[in-house]
Structures are given as structure tokens and as C-alpha cells.
Amino acid sequence: MEIFPFAPVPEIATIALLMTIFRTAPLFLLISLVVAPLSAAPVVTITTDRPDALYAENETVTFTIKAQDGTTALDASTIAWTLSLDGYETLSSGKGGPVTGSLDRPGFLLLTANYTGADGKVITAYGAAGISPTAIPPSMPAPDDFDDFWAAQKKALAAVPMTFTAEPHPLAAASDAGLEAADLTIACEKNGPPVSGYFAKPKEAAPKSLPAVLWVHGAGVRSASLPTALGGARDGFLSMDINAHGIPNGKPEAFYKALTEGELKTYRFDGNTDREKIYFRGMIVRLVRAIDFLTSQPEWDGKTVAVIGHSQGGLQALVAGGLDERVTFIGSGVPAGCDHTGMKANRIAGWPKIVTRLADGSYDPAAIEASRYIDAVNFAARCKAEAIVSVGFIDRTCPPTSVYAAYNVLPGKKSILNYPSMGHASTDEIRLKFRQALLKHVGK
Numbered sequence: 483m484e485i486f487p488f489a490p491v492p493e494i495a496t497i498a499l500l501m502t503i504f505r506t507a508p509l510f511l512l513i514s515l516v517v518a519p520l521s522a523a524p525v526v527t528i529t530t531d532r533p534d535a536l537y538a539e540n541e542t543v544t545f546t547i548k549a550q551d552g553t554t555a556l557d558a559s560t561i562a563w564t565l566s567l568d569g570y571e572t573l574s575s576g577k578g579g580p581v582t583g584s585l586d587r588p589g590f591l592l593l594t595a596n597y598t599g600a601d602g603k604v605i606t607a608y609g610a611a612g613i614s615p616t617a618i619p620p621s622m623p624a625p626d627d628f629d630d631f632w633a634a635q636k637k638a639l640a641a642v643p644m645t646f647t648a649e650p651h652p653l654a655a656a657s658d659a660g661l662e663a664a665d666l667t668i669a670c671e672k673n674g675p676p677v678s679g680y681f682a683k684p685k686e687a688a689p690k691s692l693p694a695v696l697w698v699h700g701a702g703v704r705s706a707s708l709p710t711a712l713g714g715a716r717d718g719f720l721s722m723d724i725n726a727h728g729i730p731n732g733k734p735e736a737f738y739k740a741l742t743e744g745e746l747k748t749y750r751f752d753g754n755t756d757r758e759k760i761y762f763r764g765m766i767v768r769l770v771r772a773i774d775f776l777t778s779q780p781e782w783d784g785k786t787v788a789v790i791g792h793s794q795g796g797l798q799a800l801v802a803g804g805l806d807e808r809v810t811f812i813g814s815g816v817p818a819g820c821d822h823t824g825m826k827a828n829r830i831a832g833w834p835k836i837v838t839r840l841a842d843g844s845y846d847p848a849a850i851e852a853s854r855y856i857d858a859v860n861f862a863a864r865c866k867a868e869a870i871v872s873v874g875f876i877d878r879t880c881p882p883t884s885v886y887a888a889y890n891v892l893p894g895k896k897s898i899l900n901y902p903s904m905g906h907a908s909t910d911e912i913r914l915k916f917r918q919a920l921l922k923h924v925g926k
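In our numbering, the protein residues as written are 483 to 926.
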């Protein structure tokens, strides 16, 4: 089931491998990010004095750094380290260890350690600790006209007839004989991209008998996922997986590569100084139209709509929950798009780092203002749906400070999965826990 957005960078691929190796052993915040192949390079680890890596303000956090080549311990006294405010502001630096630090306010400490091997290659490891993370507030309030702006967007969308085309898709697996699927295109905004995805459901379901689930994608340019849509249908849902850009599905890889290197190359920044032109505005509107379609199906139970995604998909899940009252459940994994204005509170912002820095070192005020209308924090504060969220404490793409800023304002039933040794990832364990929470939500 392909719902993880980013092709992992080498460091993240390595930590995923290490976590698999040590799955049955106590992690104690074991963190290893090895740039060279695992079998050819030493392993650098960072541990804290608490397994959950959670502390209160002004409590001392102690990090221990170790380097090992196979079973041989290496000299860690020369390892250079930097302790920062979740990667935003350097607090201290030095060599060797142990390293201690504290914060007098809610936030995250990030320890970055660099070991230079005999071959000159640098191995980087991360360790982190949360300081009263459930008390991290948003960096800025929502704009005064936030609700009016999005009400106008929804009104304009409602004026566009919900016409669609559905091309039946053959199913290869005999075990799916009880399902049906289609490649779906749904008209959305005038002169804008459609909703584009795969829709699947159990055959011959009774009217008003099925809950609905919408699967949304992380960053990048790709087709919708038929396996994901089918997975939801197997669980007894009206299930739709949409791509993030309203582009055709099932095309050769070269098609998506051309878009990635062409018109969608800079989509994450496009229109970032204008709330009407900012790229994510259209992506958000397509969420509402996808929900329009699901809730128009005669089999919909009239009660349940779930939205699940990771990274950019986690952003979309939070947005859908806050924008559309029909949404009753969201699964938001390592969500992007949180606290774009973090710099206004002297802290880090999450991907896509949409607020650009100017030549004089200041941040573009127009981008700051526009970003507030697409900030997941502001949607989260309006989300009454049940929510499950995941966060990696060493995530450098969607840093934990930004994730918690959104999680903390969710007003409804909610839970968060803390992973102190995880970077930017959507693991099998997280996907399983999201699925279990969804099934429990609908009483399955």
C-alpha cells in the first residue's frame, strides 16, 4: 500500500533498515543515520537517559554518543556535535560527550553528531528530546477572515456541477472478485485540475451500508494508488485514493518524471505570496470535491467519512477534518504544512518551508500572510473529527515542533504516536495502527 510520500533520502533509508534490525530489542532512542552502506561503515548512536525522550521544562536531558564498527567500539571523543532548538537555533556545540541540555519552554532539543571515519566520510546521527511538547502553541493565530475565505472557496466549488467519468478497472486478483474499481475523474474548479483517483467498493452493497475513506498523497508527482483504494474496499469501505495534483493515473513513469521536472517542479512554492494563487489552495478544494463524490454514493452510510495520509497527505487529512464537517476520522502521519510561520515564534516550520527568506535575511511578509490560509494548524483547530497522528522526533522534513503545534489544538478525541528514534517515515507499524483505529471508529 503506497501512501508514504517521499522517496527516502539515504539517511532515512538507513534508519528504516536499522529499525527493522533492532525491532525486537529495546530502542532506548537508538538513532543511526549512516550515509555509507551499513556493512561498510561504522554506526553512530545517540541515546538519552529516558526511553520515551520526554521531559518537563528546565529538566536536564543527557545524551550519550557512541560509535561502533561491528563489535569494536570506536573513539567517540572526537565526534563533533551541535545541540539546537529542533534544528532552528544552535544552543551549544562541542566534541565527545555526554551532552546535556534543557529548555525553559515547551519545544524539542535536537542533537546532531558528525563522525568522520578513517576514509574521510562523515556519518551523521540525530537524537532528540521533547520538552513538554503537548504545551507547544501555534506560532500565530488564524487570520480574522480565515473562515470567511474558505467559506467563499467552498461556495464557488458548490456552483460547479459534480460531473465525473469512471473507467472500470480490471482486477487481477481472484480474491478481489467481490470488489469493483474505476479510474475516476471528477470536475472541480472552473479551469482547474479535476479530482483524479481510483475508486473501489464492495459489489452489490446495500444502500446506506458503507462508511467512506479517502486516501491522500504525500509530496511528489505520481499516479493514484489502486492497491490502496482496493485495500479500503476489502475492509468494507467506499474507498478512494486520489493523487495530489489532479493528473491522469496509470501512466508510464516517464509521464510523471516529465511533470516533476517541468510544470510541477516548483509547485510547493508556486503562488506563495497570494492566498488565491497559492498552489495548495487548489489541492485543498479538491479534497472537498472528493468528499462530495463519496457522500453522494447510494451505499454511503450517511455517517462516516475518514481521510488518511502521511506527510503532505497528513497535511491534507488535517485540512479535510477542519474544513469539512462531514469528516469524522482523520489519520495524519508525520504531517507537513504545520506552523508555516514558526519563525515568528523563533522556531522551525514544517515542509514545504513555503515562507521564503529574503536577501537581507528577513522573511517575505506576503508569504507569511498567504501561508496562514493554508496552515494545517488553523484547520486542526477547527477539526472535530477523531484524530490519530504520528510524529518522529528526529524528523527533519516535518519537525516534531511543527507537528505538535497542530496536534495540540485538535479539539476532539485524539491520540499521537511518538517515535523518538524515527525520522520522516510512514512505517508498517504506523499504517497498521491507523488502520486499527479506523476500524475501531466504525465498529469493525
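Built from N, CA and C at the ideal position, the CB exists for glycine as well. On a predicted model such as this, the values are computed, not experimentally measured, just so you know.
- Using a Cβ distance threshold of 8 Å, V677 and G728 count as a contacting pair.
- For H923, the enclosing alpha helix (DSSP H) covers residues D910 to H923.
- Here DSSP, grouped into helix, strand and coil, assigns P709 to helix.
- In the DSSP assignment, W632 falls within the unbroken alpha helix (DSSP H) covering F628 to A640.
- The Cβ atoms of S884 and A831 sit closer than 8 Å to each other.
- Within the DSSP secondary-structure output, L536 pairs in a beta bridge with G612.
- Exclusion of the five residues before and after W632 leaves L805 as the residues of its chain whose Cβ lies within less than 7 Å of its Cβ.
- By the Cβ-count criterion, K926 is exposed, with fewer than 16 other Cβ atoms from all chains shown falling within 10 Å of its own Cβ.
- As the crow flies, the alpha-carbon of A687 is around 11 Å from that of P693.
- The beta carbon of R757 sits closer than 6 Å to the beta carbons of A852 and Y855 from its chain, once the five residues preceding and following it are set aside; these are given in chain order.
- If you keep only unbroken alpha helix (DSSP H) runs of at least 4 residues inside the region 732 to 780, you get 735 to 743 and 761 to 778.
- Taking C-beta separations shorter than 6 Å and ignoring five residues to either side along the sequence, the partners of F681 in its chain run A664, L666 and M722, following chain order.
- Residue pairing of A867 in beta bridges, as defined by DSSP: absent, with no partner found.
- By the Cβ neighbour-count rule, S903 is buried, with 16 or more other Cβ atoms within 10 Å of its own.
- The beta carbons of K683 and L661 sit about 7 Å from each other, so the pair counts as a contact at 8 Å.
- Counting the other Cβ atoms within 10 Å of the Cβ of A648 gives fewer than 16, which makes it exposed.
- Three or more beta-carbon pairs separated by less than 8 Å link the region 696 to 713 to the region 792 to 805, which places the two stretches in contact.
- Here Q550 is bridged, per DSSP, to V525 and A555.
- CA-CA distance, S584 to H792, rounds to 30 Å.
- Ranked by Cα distance from D586, the first of I561, T542, R763 and C670 is T542.
- If you check the CB distance, D783 and L712 do not come in under 8 Å.
- For a cut-off of 8 Å, the C-beta gap from K548 to W563 is around 12 Å, too long to register as a contact.
- DSSP lists R839 as the bridge partner or partners of Y845.
- Bounds of the beta strand (DSSP E) holding A648 are F646 to P650.
- Under the three-state reduction of DSSP output, L805 falls in the helix class.
- For E571, the secondary structure class from DSSP, reduced to helix, strand or coil, is coil.
- When rounded, the separation of the alpha-carbon atoms in H822 and I850 is 8 Å.
- DSSP lists G791 as the bridge partner or partners of V698.
- Closest in alpha carbon position to G609, among A600, P619 and A595, is A595.
- In the three-state reduction of the DSSP assignment, P684 falls in the strand class.
- Shown here for C670: same chain residues with a beta carbon closer than 6 Å to its own, the five before and five after excluded, namely P676, V677, R768 and R771 in chain order.
- Distance between N725 and S707, taken at the CA atoms: about 8 Å.
- Distance from the CA atom of P893 to the CA atom of R839, rounded to whole angstroms, is 33 Å.
- Your pair S575 and L592 does not check out as a contact, with CB atoms roughly 12 Å apart and the cut at 8 Å.
- Note on geometry: alpha-carbon atoms of H906 and T529 lie some 19 Å from one another.
- By the neighbour-count criterion, in which 16 or more other beta carbons inside 10 Å mark a residue as buried, D534 falls on the exposed side.
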